[in-house]
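As you go down the protein sequences, you meet chains A and B in turn.
Numbering-wise (the numbering used here), the first sequence opens with residue 657 and increments by one.
Numbering-wise (the numbering used here), the second sequence opens with residue 672 and increments by one.
Reading through the structure tokens given below for one structure.
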Amino acid sequence: MKSLGSIRRDFAPWNDPNAKPYIQFDKVTKKFGDFTAVNNLSLTIFEREFFALLGASGCGKSTLLRMLAGFEEPSAGRILLDGQDLRGIPPYKRPVNMMFQSYALFPHMTVEKNIAFGLKQEGMPGADIDKRVAEMLKLVKLEQFAKRKPHQLSGGQRQRVALARSVAKRPKVLLLDEPLGALDKKLREETQFELMDLQQELGLTFVVVTHDQEEAMTMADRIAIMDKGEVMQVATPAEIYEAPTSRFVAHFVGNVNMFEGKVAERTASATRITGATGAQIVVDNGSDAAAGSDIIFAIRPEKIKVSSKKPVDAVNALEGEVYDVAYLGDMTVYHIKLDDGQIVRASALNASRVTEDPLTWNDRAWVSFRPDAGVVLTR
Amino acid sequence: MNATWSRFNITSIVLGFAFLYLPIVLLIVFSFNESKLVTVWGGFSTKWYVSLFHNQGLMDATWVTARVGVISATVATVLGTLAAITLTRYTRFRGRVLFSGMVFAPLVMPEVITGLSLLLLFVAVGLDRGFLTVTLAHITFTMCFVAVVVQSRLVTFDRSLEEAAMDLGAPPVKTFFQITLPVILPAIISGWMLAFTLSLDDLVIASFTSGPGATTLPMKIYSQVRLGVTPEINAACTILIAVVAVGVIIASIANKRREMQRQLDEQAAQRG
């Protein structure tokens, strides 16, 4: 069985036409004065999904999250949670909890009291609260810090207290606003996997807002790429990376080479493209761009093979010169200047310690790729 | 920086501190004077302190001042805190600039004018001058000081704390009393102490708005001094200075300790 990316995803309610949507944004618009933060946006999230909203700052992702939490009301449109319209329901009555970017731990309360706060509000009996708090402390491995105040904890510990406090009430949905933004790189990577395990363990629906594409790719089942208050694409990380539907998405996630050109010919199985500078490219992964239309051909660096001689069986091969090489250890990055002047970025995994075909600056070189290695973009 | 004590440095420090503290030191020294003549040293004695406690007029005035101070500081703290919250939180209502200007104007208003205008008001509404009027007047002029202190704290207050509390199920009123109030409490306490101190040493406004039977300590001291300074007054002032000094010292030591503890905790947390 063929699939995009290297992970087989068995949990995919978005492909099931009978699956019931859990969170629905229905033509939601939010305006702050003249500024439109979210523009006529529709989005569906499923139960137990780990959903990421990814975008640059000011793209409206945080506003979307705050509307779900109830801190902002949409100017137009509806938000439904499990079939219930959330309009007019104040934050303290919504079955969602949020983990704040600043963690927002109550400075005058101990770790224990912070975690118990939400449980007390819903009138849970004292003995049950103690039990749940102990359970939460164990979950985030902070048992011995129960009596500490937030300022007596390190950044990573504070993050875990914030997490424990927000899941203590067993919300239907957990909202996470840049949950790992304040942690250093190493801790962030560890915590990403911890969050994924936690979501599996508790069986909750997670909606996370982030500007870090690696974070979104690692953790999420699906990602919504946002720009200027609109959703550009909603798909699994593999689809976002391997089959972007627009220049913006292709550019936003990872590195990409783009060739401007026209569709020269379309047959049942393949599309032949003539690049703006004359390069001939054949694509066979089912583009529906009509013959003669202007398109962009996008291809990721690691899909391009670099060699000193023209590969015999290559469908797509372009000649040029090595412009720059960088050896990064796990891989080598080449910048090849094609004879038509365009610079192509290619990367090769250093799967073995010795290379048969070493290249250096100003060597003649060929870049080649399979007909299904890139995508044709029409917008 | 040059850390050595040059002659110039020493001279300027001595002159500066003498300028600040010589009058007070003189007052304290003469409160222990045996002689009834204030300017002539007649030997050491604590008899004026004893007679002070038998001076019914002074004791009454002290009691009035304490009550006026506590009541007016408390009411001013409540009103000033509410004003500060409104002015920092609801930034978009009409006339906010006018309102904030009006709350803070009494800070720079000459006391004579505040006192006179309050007097006119009390006369106009037919309120007899006495304990009530002086308390009301003190509330009016100390409230803006509380508002300034509390507002400066609220500006740096992290609103996401309140959002987190509401997110966890606390309605707005509960959020205010369980989260906002405890976090800004130190500022509110400093506001109260400032208001109390201001009320304690106010002479001008009290003279305008007080009436018979509600003479405050500063008024009493002032009226007695007009009949000639007695060592008794020196003793009363010395006690007042001692009370204020002890209060300030305790407050700053407590502050320093808390700060040091906090730094230690944070260092410990960073180590893991």
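Don't be surprised by glycine CBs; every beta carbon is placed ideally from N, CA and C.
Remember, predicted model here, so these are calculated numbers, not experimental data.
Annotated three-state conformation of A/K965 is coil, per DSSP. When the beta-carbon positions are compared, A/L854 and A/L795 come within less than 9 Å of each other. The segment 851 to 866 of chain B makes no contact with the segment 769 to 787 of chain A, as fewer than three CB pairs between them are under 8 Å. If you draw a straight line from the Cα of B/P902 to the Cα of B/S878, it comes to about 24 Å. Shown in chain order are the members of the segment 735 to 766 of chain A whose Cβ falls below 7 Å from a Cβ of chain B: P747, Y748, N753, M754, F756, S758, A760, F762, P763 and H764. Only exposed fits B/I695, as fewer than 16 other CB atoms lie within 10 angstroms of its CB.
A/D986 carries a coil assignment under DSSP once its states are collapsed to helix, strand and coil. By the beta-carbon neighbour count (other beta carbons within 10 angstroms, threshold 16), B/H725 is exposed.
Here the segment 1012 to 1027 of chain A lies against the segment 972 to 982 of chain A, with 3 or more beta-carbon pairs under 8 Å apart. Taken through DSSP and simplified to helix, strand or coil, A/K787 comes out as helix. Cβ contact annotation for A/E895 (same chain, cutoff 6 Å, sequence separation greater than five): L660, in chain order.
In summary, A/Q740 is exposed, with fewer than 16 beta-carbon neighbours lying within 10 Å of its beta-carbon over all protein chains present. Contact annotation: A/A876 and A/P893 have beta-carbon atoms nearer than 9 Å.
Annotation for B/G713: N704, E705 and S706 place their beta carbon closer than 7 Å to its own, counting only its chain and skipping 5 residues before and after. Looking at the DSSP output, A/G931 shares a beta bridge with A/G917. Considering only B/I681, B/L790 and B/Q822, the residue with the shortest C-alpha distance to B/G882 is B/L790.
The three-state reading of DSSP puts A/G733 in strand, counting E and B together. For B/R933, the nearest beta carbon of chain A is closer than 9 Å to its own beta carbon.
Contacts with chain B (Cβ-Cβ distance below 7 Å) from the segment 786 to 817 of chain A involve H807, Q808, L809 and S810, listed in chain order. DSSP places A/H764 in the coil class of the three-state scheme, outside both helix and strand. In the structure shown, the three-state DSSP call for B/D936 is helix. Per the coordinates, the alpha-carbon of A/N753 lies some 9 Å from the alpha-carbon of A/R821.
By the Cβ-count criterion, A/I952 is buried, with 16 or more other Cβ atoms from all chains shown falling within 10 Å of its own Cβ. The C-beta distance from A/K717 to A/L724 rounds to 11 Å, too long to meet the 8 Å contact threshold. Non-local beta-carbon contacts of A/A932 in its own chain, meaning distances under 6 Å to residues more than five positions away in sequence, involve E916 and G917 in chain order. Inter-segment contact for the segment 802 to 817 of chain A and the segment 690 to 707 of chain A is absent: fewer than three beta-carbon pairs are separated by less than 8 Å. For A/K825, the nearest CB of chain B lies under 9 Å from its own CB, placing it at the interface with that chain.
Of all residues in the segment 838 to 853 of chain B, the ones placed with a Cβ closer than 7 Å to any Cβ belonging to chain A are D838, L839, G840, A841, P842, I850 and P853, in chain order. Distance between B/I855 and B/V821, taken at the CA atoms: about 8 Å. None of the residues of the segment 675 to 692 of chain A has a beta carbon lying less than 8 Å from any beta carbon of chain B.
Straight-line spacing of the CA atoms in A/P747 and B/T733 works out to 52 Å. In this structure, DSSP gives A/I663 a state outside helix and strand, which the three-state scheme calls coil. For A/R821, the nearest CB of chain B lies under 9 Å from its own CB, placing it at the interface with that chain. Of the candidates A/K965, A/T692 and A/S963, the residue whose Cα lies closest to the Cα of A/S731 is A/T692.
Against chain B, the beta carbon of A/A725 has neighbours under 7 Å at D838, listed in chain order.
Under the three-state reduction of DSSP, A/Y759 is assigned to coil, being neither helix nor strand.
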